[in-house]
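Read in full-length UniProt numbering, the sequence shown has 368 at position 368, and its numbers run on one by one without any break. Following: one structure in C-alpha cells, then a few remarks.
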Amino acid sequence: MWKLSLSQLKTHPRRYIAVVLAITLGTMFLASALLVTSSAKETTKQMLGATYANADLLINATQEAYTDPESALYDHLGGLEQPGDLEAIPGVAEVYPLIQVATGLVLPEGSEQRGTFDADADFLLATNTPDDTSLLATPVTEGALPTADSEIAIDTTAADRHDLAVGDTVTLRSMAEDDEKDFTVSGMVDTSGDPTAIGAMTAYLTPEALSAFAGEHPMYSMGLVRVDGEVDAVLEQLTNALSGVATVNTPDVEISESLVDTFGFDAITVALGGFAAIALLVMMMVINNTFSVLVAQRTKEYALQRVLGATRGQIRKSVLAETLMIGLIGSTLGIAAAMGLIFGLILVAQNWVDRATFAIDANLVWVGVVGVIITVIAGWLPAGRAMRVSPLEAMRPVAAMTVESKAGRIRLFFGALLFIGGATVMVIFARHGEVGLAIVAGAVSFIGVLLLSVLFVPAAAYGLGWITRATGVPGKMAQLNSTRNRSRTAATAAALIIGTTLVAMILTGGRTFQHNSDQLLATNYPVDIYADLTNVDAADSQRVDEIVTAMRNTSGVENAAPLQPVGTVQDHNEPVMAGDPAQLAQISAGLTDADVAALQAPGTVLVSSGYQAATLTVDTADGPVELNAVRSDLPSVTALVSDVTAQQLASEPAGTATVWIKVDQDEIPASELQDLLATLAANTGVSAADFESPLMMRGVYQQAINTVMLTVVGLLAISVLIAFVGVANTQALSALERTRENALMRALGMTKRGLRAMLSWEAAIICAVGALLGCGLGMFYGWAGSVALFSTAFDSQSGSLEMAWPWATIGGIAITAVLAGLIASIIPAHRAAKLSPVAGLATI
1 MWKLSLSQLK
11 THPRRYIAVV
21 LAITLGTMFL
31 ASALLVTSSA
41 KETTKQMLGA
51 TYANADLLIN
61 ATQEAYTDPE
71 SALYDHLGGL
81 EQPGDLEAIP
91 GVAEVYPLIQ
101 VATGLVLPEG
111 SEQRGTFDAD
121 ADFLLATNTP
131 DDTSLLATPV
141 TEGALPTADS
151 EIAIDTTAAD
161 RHDLAVGDTV
171 TLRSMAEDDE
181 KDFTVSGMVD
191 TSGDPTAIGA
201 MTAYLTPEAL
211 SAFAGEHPMY
221 SMGLVRVDGE
231 VDAVLEQLTN
241 ALSGVATVNT
251 PDVEISESLV
261 DTFGFDAITV
271 ALGGFAAIAL
281 LVMMMVINNT
291 FSVLVAQRTK
301 EYALQRVLGA
311 TRGQIRKSVL
321 AETLMIGLIG
331 STLGIAAAMG
341 LIFGLILVAQ
351 NWVDRATFAI
361 DANLVWVGVV
371 GVIITVIAGW
381 LPAGRAMRVS
391 PLEAMRPVAA
401 MTVESKAGRI
411 RLFFGALLFI
421 GGATVMVIFA
431 RHGEVGLAIV
441 AGAVSFIGVL
451 LLSVLFVPAA
461 AYGLGWITRA
471 TGVPGKMAQL
481 NSTRNRSRTA
491 ATAAALIIGT
501 TLVAMILTGG
511 RTFQHNSDQL
521 LATNYPVDIY
531 ADLTNVDAAD
541 SQRVDEIVTA
551 MRNTSGVENA
561 APLQPVGTVQ
571 DHNEPVMAGD
581 PAQLAQISAG
591 LTDADVAALQ
601 APGTVLVSSG
611 YQAATLTVDT
621 ADGPVELNAV
631 RSDLPSVTAL
641 VSDVTAQQLA
651 SEPAGTATVW
661 IKVDQDEIPA
671 SELQDLLATL
681 AANTGVSAAD
691 FESPLMMRGV
701 YQQAINTVML
711 TVVGLLAISV
721 LIAFVGVANT
731 QALSALERTR
741 ENALMRALGM
751 TKRGLRAMLS
761 WEAAIICAVG
771 ALLGCGLGMF
781 YGWAGSVALF
791 STAFDSQSGS
801 LEMAWPWATI
811 GGIAITAVLA
821 GLIASIIPAH
831 RAAKLSPVAG
841 LATI
C-alpha cells in the first residue's frame, strides 16, 4: 500500500500540495498561538518581575511584618550578617533577603551638576549581593560583582553620569548619619528594570559592606529563594513556616496575581490562552474543510480501486499510510514556520517593547501529534463511505443536501440547535466572566454555523448571483453552479468564513481590549508622578510655590499642582489633602468633570470608589469635622477637598505637602523617565527618594498590553493568510474535482474566456457571501470575548465596557475578501481553460 500511496502522490501532486499547505497553515496557527502565549508570558515576567524573574520562589512580607523590626519574618529570612532559619528546610539552597538602602553617590570633584540626593550627591539604591549571582535579574556588563567589602558594582546609568570605569574609586554617603565611605568599582551591571526603582541609580555591595549603611535593623519586604529539589514541595513548607508574616509564590503566579489586581483578570493568560483554544478549533476546521472539497472525488477513486480488486483492508492501509505521510510533513512544516515567524516578530517587537523575549512552549510536540491525528480522521471520511457500500453505489453521484431532504432536515435541526444554543450559552457565560466556558460554547455555535452553511450558503450565493446575470452566460452559469453542487459551494465559502471570522474577531476584540485596558490603567494609576516635600515646611507657601514653578518649567513636564495637608481621616491616620479641583483634573485623567463640580461645593470630600458611607469624618487641629463624601471612579485615591472646604478645616497645613506632576508624553521610556526624575530633583532641591512614579508602573503594564497587541497583530496576519490561502486552496481543489465538468462545458461550446469568467464570477459570489457572514460572526464573537474578559474587571472597579467597533476596517476586509476570491480563481480558471476538452474528459 505504500507503493499505491506514493503513486497517488506522483499522479496528483497539485492535490497533495494543496492538502499539505492546509495542514501547514492549521498547525502553524496553533503553534503560533502557543508560542506567542509563552513568549508574552516570559516578556511580562521580565518586565513586571524584573527583580525576581530568576528566582524559583518569591517571599512577600505582609505590611504588619515588614514594619515590625521584631517580626518573626526577619528571623526566618535572615539579614545582612546572619542567614535565617528557612535555609534549614530540605530543598532550600538559598534564601536571599533583598535589602535596598538609600544612599548618596557623591559627584566627582568639580562637577557642575546638582545631585538628586543632595547638592553634591546622586540618589542611589545600594543592594546586597546573593551567594548565587544567578538570582540577580540585572546582568553584569563589565567586570564582576563585588567580592570584597571595599568593592562596589554600579549600574550603567551611574557609570555614564559619573564617567566611571572599572577600577575607579567612588564615595557613598549614608542618608542617616551623613557618613562617607570609599569603594573601588569592581564591575558594572545593566540598568535595573525594576519599576519601583525608576529614578534611582542602583549598585551592589557585599552584605558586610551594606550593613554600614543599613542601620541596626534594616527592613525589607521581599526575599528570593533558590530551590535545589522539588519546587512545589518547598513552596508548601515555606508557606507553612511563614504563615501570617509572608506569602510565597512562584514568579509566574506572582505576576499573574499582579495582573489580576490591575485588570481584574490575568490579561496574558486569559486572552492568549483562550486564543490558543480557538486556534485548535481553527486548525481542525481548516484541515477538515480542505479534505471535504475532495470527498466526492476521493470516494469514487476508492470505489474504483475496489472494483479493480482492492480489499477493504488494503484501502485502509493505503489511506493510513497516505494521511500519516502528509500529516507528518504538513505538521512539521507548520511548526517550523510558526517558530520562524514568532521569533522574527519578537525581534521586531524589541524595537518597541523592552525585554521582549522569545520562549518555546513544550506543547509544540503535541501540536504535531494533533495535526497528524486530524489529518488521518479527515482523510478517512471518503474512504469510510466507499467501504460502507458496494463499489458501484459509491461511484454514483451523491444527492444534493437540501432543507427538503431527510439528511437536510437532520442537519438543520442539529445545526440550529448548536448555533442558537451555543450562542445563548456563550453570552450567558461571557456576562459572568467565564472565559473558558464561553470559548467552548462559542466553538459549539460556530460548528452549528458550518453545519447550516451547506443548507443556506448556496441559497445565499444564488440570491447574490442575480447581480452577475447581467454579464451574460458566464454570470448565469456561475449563479446556477452555486446551488448545483451545494457541498462544494459550502466548503469553499467555509474557508473564507473561518478566516474572516478570525480576522473580524481579532480586530474587534483587540481594539476593545486596548481601549478598555488603557481606561483601567488610567483608573489604577491616575497621576504620573508624586513628589512628597518632606524637607519643606508645608506652611511655607512661598517655598512650595517656588518648587511647583520649577517643576512646571522643567522640560518634559506638562503641568504640576500642589496639595496641602489639612487633616487626617478619623481612625485611619490617612492624610486629607486640599487643592484646586480644576487644576488637579488637568493632571489626573481619573478626576471627572462631575468630581470637579461636586468638590466645588463647600463641605465635600472626594473618596475612593470603594467607600460606602455618605460622610467622612476628618480630624483637624481644631477637632473632628464631618464632610459629605463624593465617590470617584478611582479605586484608590487620597481624600481630596477643595481650597474652599480646606478653610473650614484648618488655618495652617498639618503634615507634608505633595505635588502632582503630569508629563508631556502618554508613554515614556524608562530611561527618559529616570532622567526626568533626576532633573526634577536637581531643579527643585527635592531628594529623588521623595519622588514616586506610578507612570512607570503604568508603563510596564502598558508594555504588557502592547506585547499582547503585537502578538495579536501577528495572529491577525496569520488569520489573513489562512483566509486567503484557504480560498485559494479550495478554489484549486474545486477546479481539480470538476475537471471533467469544465471539459464538458468546453465541449458543448463554452469559450475559454467564458469558462474563465464563469469560474471568476462563481468565486466572487461565494467569497462575498462568506465574507459578509464571517465579518458578522467575527464581530459577534469579538463582542462576546470582550464582555467575558472585562466583566470581572468592571465588577471589581468602576466603569463599564466600551466597545471599539472597527467598522471601516471590517468593510475593507469584506471588500478584500471578494478581491482575494477573484485573485485566487485566476490560476485555477486559467488552467481549466487551457486544458483541452478531450484531455479533461479522460480524467478520472
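C-beta: ideal position from N, C-alpha, C; glycine also. Since we're looking at a predicted model, the values are computed, not measured.
- Rounded to whole angstroms, the separation of the alpha carbons of S192 and N128 is 14 Å.
- Taking a cut-off of 8 Å for Cβ pairs, the stretch 364 to 380 and the stretch 325 to 335 touch, as three or more such pairs fall below it.
- In the structure shown, the three-state DSSP call for P474 is helix.
- The alpha-carbon of T247 is positioned some 10 Å away from that of E254.
- DSSP places P602 outside any alpha helix (DSSP H), giving it a letter other than H or E.
- Listed in chain order, the alpha helix (DSSP H) runs fully inside the stretch 154 to 184 are 156 to 162, counting runs of at least 4 residues.
- Rounded to whole angstroms, I447 and L502 show a C-alpha spacing of 14 Å.
- Inside the stretch 212 to 267, DSSP marks whole beta strand (DSSP E) runs of 3 or more residues at positions 222 to 227 and 246 to 249, from first to last along the chain.
- Residue range M201 to L205 is occupied by the beta strand (DSSP E) that includes M201.
- In the displayed model, D593 falls within a helix according to three-state DSSP.
- Note that the stretch 638 to 652 does not touch the stretch 663 to 677; fewer than 3 beta-carbon pairs, one per stretch, sit closer than 8 Å.
- If you draw a straight line from the Cα of R738 to the Cα of L345, it comes to about 40 Å.
- Boundaries around N60 are those of the beta strand (DSSP E), L57 to A61, since no alpha helix (DSSP H) includes it.
- Comparing C-alpha distances from F343 to each of N742, V663 and S38 shows the shortest one belongs to S38.
- Apart from the 5 residues on each side of it in sequence, M577 sits with its Cβ closer than 8 Å to the Cβ of L563, Q564, P565, V566, T638, A639, L640, V641 and T658 in its chain, given in chain order.
- Taking 7 Å as the cut-off, the beta carbon of T568 is found no closer than this to the beta carbon of D532.
- In this structure the stretch 621 to 635 does not touch the stretch 544 to 551; the number of beta carbon pairs closer than 8 Å is below three.
- Between W660 and I718, the CB-CB gap reaches or exceeds 7 Å.
- In the DSSP assignment, A578 falls within the unbroken beta strand (DSSP E) covering P575 to G579.
- For the pair P139 and L819, the Cα-to-Cα distance works out to about 52 Å.
- The continuous beta strand (DSSP E) containing L125 extends over residues A121 to N128.
- Of the residues assessed, G510 falls on the buried side of the cut-off, its CB having 16 or more other CB atoms within 10 angstroms.
- D664: not part of any beta strand (DSSP E); DSSP gives it neither H nor E.
- In this structure, P97 lies near Y220, with their beta-carbon atoms less than 7 Å apart.
- A residue is called buried once 16 or more other Cβ atoms fall within 10 Å of its Cβ, and R431, having fewer, is exposed.
- Annotation: the continuous alpha helix (DSSP H) that includes N516 extends over R486 to N524.
- Bounds of the beta strand (DSSP E) holding E626 are G623 to R631.
- Secondary-structure assignment with DSSP links L616 through a beta bridge to L627.
- Take the alpha-carbon of I410 and the one of G499: they are about 27 Å apart.
- G26 counts as buried, since at least 16 other C-beta atoms from the protein chains shown sit within 10 angstroms of its C-beta.
- In the structure shown, N742 falls within a helical segment according to DSSP collapsed to helix, strand and coil.
- Nearest in C-alpha terms to T492, of all of L125, A763 and V557, is A763.
- For T103, the number of other beta carbons within 10 angstroms of its own is at least 16, and it is reported as buried.
- Of the candidates A561, L591, A681 and D595, the residue whose Cα lies closest to the Cα of G579 is A561.
- Annotation for E558: no alpha helix (DSSP H) segment contains it, though the beta strand (DSSP E) segment containing it runs V557 to V569.
- DSSP places Y530 outside any alpha helix (DSSP H); the residue lies instead in the beta strand (DSSP E), whose first and last residues are I529 to D532.
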